[in-house]
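Protein chains in written order, with our numbering: chain H, 1 to 405; chain X, 1001 to 1161.
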């Protein structure tokens, strides 16, 4: 039987085998989880139960409940002074994942190039391919805290470049951008008339400065599709509610696809999302404070044991270098899992430039983080003596200090 | 609230070094701040929350909330009587309330008799106590912000992107 060439050619997520290994093991400490370790705040869960009891079990408008779109519009205005018309500039989707797919399909003509900074969230590349486009990966410089620069963008632009994807705070690196940094990027976007797909799902989890939504920058609202949702800010991953804000014509194209493929997002989740916007801010702030403390703790801990790590500005991921071990990312992850029963995600899951790195999630309890750090330290001990050091990694002084103890 | 206090209130065993890491401070500075809190009485003491739904403590097996109506003493107000009441070791907590009664007294004892004995022989006969209503606690669900049941299981998949 002949099946779709384009789908067949999409590389299978190489990480799947490793995932199966992790899922088959018991009693592991996992720092490999890409979702909050908090449960959805009770007031939100309670609202969903209430909506079920009240018999809210129907379809909603294709675009999503008008009330929810109005709430989102108000929220964006209040929080970021952003103006989006709930009637035709906001679309409720099944998670940001769907919104991302819709955005690509709405803008790509066959063969269009989409720029994707690498390492990147796993679905970006394949979804561009499926939409008929060609992903152009831009390796970000670890020395620049894994941030892309306007120069990087201009260098990779060609005649067919249609748009660029920016995910900040970033999964997997945790990197985010200050307003001036984003402004510089926006100039490159204007220069090459690109469409920006801005995935800001981790926006509320920005620790060192205020998150700047891309459309708030001068002249960017008309060329940005801004994606956000409830999964990370309100610990609502399983509810699958995201949204896209953007220019009327693009939102209308996205809605067209959405109404044929998804029809609408589940109504109970939409009702819950309304409650989250109404009363979730306190929980969000509490979770953010907790993540922030864990971030400080884990970054200090990782650097101490020799997994050098820049301080991520947001999300709940650390992306340390594992080069000190002399192992590949995949070997490192597998060996650590086997020997010390600690799970993390090899950097290569997020593109080839993730080699030499690992994603460590601190959406885990502090006691688990402490224990995992101890185990990783124990795991690394033999490598320190036997493996030649990578001179460029600049780890020598650290090591010297440690062996003296 | 101060972030050091917030962390200690959640887990009193977090070391000064760990708190320092979490807040990006020097361990010495955290230690000094904790000392100061202790000295000022901001930090009263470090206790363990024992789940009394799981272990029996014969001395405090029964707990009752007692509404106490009192006549305030001239010039001394409610504080005078409250002080006389809260010093009894049986009294676990004591609050001055608005509403239909004045003091809410939490009393612990090994059984119902001990608690009612305390109320009838110590509390009720006190001068200026006009009346008491005793409510025995049947089951504890949540105490001081902690839900009293077995540790929650992490329901997430062990790994996800």
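Using N, Cα and C, we set each Cβ at its ideal position, and we do this for glycine too. Keep in mind the model is a prediction, meaning the values are calculated, not measured.
Name the chain X residues that come within less than 7 Å of residue i, Cβ to Cβ?
| i | result |
| --- | --- |
| residue 28 of chain H | 1158 |
| residue 349 of chain H | 1161 |
| residue 429 of chain H | Because chain H spans 1 through 405 in this model, residue 429 of chain H falls outside it and cannot be assessed. |
Find the residues of chain X that neighbour residue i, judging by a C-beta separation of less than 8 Å, and give them in chain order.
| i | result |
| --- | --- |
| residue 175 of chain H | Simply none; closest approach about 17 Å. |
| residue 345 of chain H | 1159, 1161 |
| residue 371 of chain H | Ordered by position in chain X, no residue passes the 8 Å Cβ test against residue 371 of chain H, which lies about 13 Å from the chain. |
| residue 37 of chain H | 1154, 1156 |
What distance in whole Å lies between the Cβ atoms of residue j and residue i, which are believed to be in contact at a cut-off of 8 Å?
| i | j | result |
| --- | --- | --- |
| residue 72 of chain H | residue 277 of chain H | 7 Å |
| residue 197 of chain H | residue 100 of chain H | 7 Å |
| residue 178 of chain H | residue 146 of chain H | Contact flag wrong, Cβ pair sits at about 14 Å. |
| residue 345 of chain H | residue 1161 of chain X | 7 Å |
Taking only the alpha-carbon atoms, compute the straight-line gap between residue i and residue j and give it to the nearest angstrom.
| i | j | result |
| --- | --- | --- |
| residue 133 of chain H | residue 162 of chain H | 9 Å |
| residue 393 of chain H | residue 218 of chain H | In this predicted model, residue 393 of chain H has a pLDDT of only 46, less than 50, meaning its place in the structure is not dependable enough to derive any value. |
| residue 1154 of chain X | residue 60 of chain H | 32 Å |
| residue 1166 of chain X | residue 1077 of chain X | Examination of residue 1166 of chain X is not possible in this model, given that chain X is present from 1001 through 1161 alone. |
| residue 401 of chain H | residue 306 of chain H | Unreliable placement is indicated for residue 401 of chain H, whose pLDDT of 42 sits below 50; the coordinate value is still reported in the next sentence. One C-alpha to the other measures close to 11 Å. |
| residue 1044 of chain X | residue 1008 of chain X | 12 Å |
| residue 326 of chain H | residue 131 of chain H | 38 Å |
| residue 399 of chain H | residue 254 of chain H | At residue 399 of chain H the pLDDT is 43, less than 50, meaning the model places this residue with poor confidence and gives no usable figure here. |
| residue 1001 of chain X | residue 1023 of chain X | 14 Å |
| residue 373 of chain H | residue 336 of chain H | 11 Å |
| residue 370 of chain H | residue 357 of chain H | 20 Å |
| residue 1137 of chain X | residue 1092 of chain X | 13 Å |
| residue 105 of chain H | residue 215 of chain H | 20 Å |
| residue 310 of chain H | residue 135 of chain H | 27 Å |
| residue 397 of chain H | residue 189 of chain H | Bear in mind that a pLDDT of 41 at residue 397 of chain H, under 50, signals an unreliable position, so the model cannot answer this. |
| residue 19 of chain H | residue 1159 of chain X | 7 Å |
| residue 21 of chain H | residue 50 of chain H | 40 Å |
| residue 349 of chain H | residue 42 of chain H | 34 Å |
| residue 152 of chain H | residue 144 of chain H | 12 Å |
| residue 209 of chain H | residue 167 of chain H | 16 Å |
| residue 224 of chain H | residue 108 of chain H | 14 Å |
| residue 90 of chain H | residue 1037 of chain X | 50 Å |
| residue 403 of chain H | residue 381 of chain H | Confidence at residue 403 of chain H is low in this model, with a pLDDT of 41, below 50, so the placement of that residue should be treated as unreliable; the coordinate-derived value is given next. Near 10 Å, if we compare the C-alpha coordinates of residue 381 of chain H and residue 403 of chain H. |
| residue 314 of chain H | residue 170 of chain H | 7 Å |
| residue 116 of chain H | residue 80 of chain H | 26 Å |
| residue 194 of chain H | residue 126 of chain H | 20 Å |
| residue 1089 of chain X | residue 1142 of chain X | 23 Å |
| residue 32 of chain H | residue 201 of chain H | 18 Å |
| residue 111 of chain H | residue 158 of chain H | 12 Å |
| residue 376 of chain H | residue 1057 of chain X | 41 Å |
Please list, in chain order, the chain X residues whose beta carbon lies closer than 9 Å to that of residue i.
| i | result |
| --- | --- |
| residue 23 of chain H | 1157, 1158, 1159 |
| residue 122 of chain H | 1161 |
| residue 33 of chain H | 1154, 1156, 1157, 1158, 1159, 1160 |
In this structure, what does DSSP give as the bridge partners for residue i?
| i | result |
| --- | --- |
| residue 206 of chain H | H/314 |
| residue 264 of chain H | The partner list for residue 264 of chain H (beta bridge, DSSP) is empty, contrary to what the question assumes. |
| residue 196 of chain H | H/164, H/224 |
| residue 343 of chain H | H/30 |
| residue 1062 of chain X | X/1109 |
| residue 1068 of chain X | X/1103, X/1132 |
| residue 90 of chain H | H/245 |
| residue 85 of chain H | Answer by DSSP bridge pairing: none, since residue 85 of chain H is not bridged. |
| residue 147 of chain H | H/141 |
In the DSSP assignment, find the alpha helix (DSSP H) that holds residue i and state where it starts and stops.
| i | result |
| --- | --- |
| residue 16 of chain H | 16–23 |
| residue 1158 of chain X | Per DSSP, residue 1158 of chain X belongs to no alpha helix (DSSP H) and is neither H nor E. |
| residue 49 of chain H | 42–53 |
| residue 289 of chain H | 281–304 |
| residue 1085 of chain X | 1079–1086 |
| residue 211 of chain H | Taken as a continuous stretch (DSSP letters only), residue 211 of chain H belongs to no alpha helix (DSSP H), as it is neither H nor E. |
| residue 152 of chain H | 150–156 |
| residue 960 of chain X | Lying before the first or after the last residue shown, residue 960 of chain X is absent from chain X, which here runs from 1001 to 1161. |
| residue 172 of chain H | Where residue 172 of chain H is concerned, there is no enclosing alpha helix (DSSP H), given that its DSSP letter is neither H nor E. |
| residue 185 of chain H | 179–191 |
| residue 126 of chain H | 124–130 |
| residue 1004 of chain X | 1003–1010 |
| residue 1032 of chain X | 1027–1040 |
Kindly say whether residue i, judged by its beta-carbon, lies nearer than 7 Å to any beta-carbon of chain B.
| i | result |
| --- | --- |
| residue 100 of chain H | Looking for chain B here will not work: the only protein chains present are H and X. |
Could you pull the start and end residues of the beta strand (DSSP E) that residue i belongs to?
| i | result |
| --- | --- |
| residue 73 of chain H | It is not in any beta strand (DSSP E) - residue 73 of chain H instead sits in the alpha helix (DSSP H) that spans 66–80. |
| residue 105 of chain H | From DSSP, residue 105 of chain H is part of no beta strand (DSSP E) but of the alpha helix (DSSP H) over 95–107. |
| residue 1092 of chain X | 1091–1096 |
| residue 139 of chain H | 134–139 |
| residue 358 of chain H | 358–361 |
| residue 113 of chain H | 113–118 |
Please list, in chain order, the chain H residues whose beta carbon lies closer than 9 Å to that of residue i.
| i | result |
| --- | --- |
| residue 1018 of chain X | 297, 366, 370 |
Shorter than 6 Å, the distance from the beta carbon of residue i to the closest heavy atom of the ligand PLP, or not?
| i | result |
| --- | --- |
| residue 186 of chain H | The ligand PLP is not part of the structure shown, which contains no ligands of any sort. |
Give the residues of chain H in contact with residue i, contact being defined as C-beta atoms less than 8 Å apart.
| i | result |
| --- | --- |
| residue 1024 of chain X | 296 |
| residue 1021 of chain X | 296, 297, 300, 301 |
| residue 1007 of chain X | 293 |
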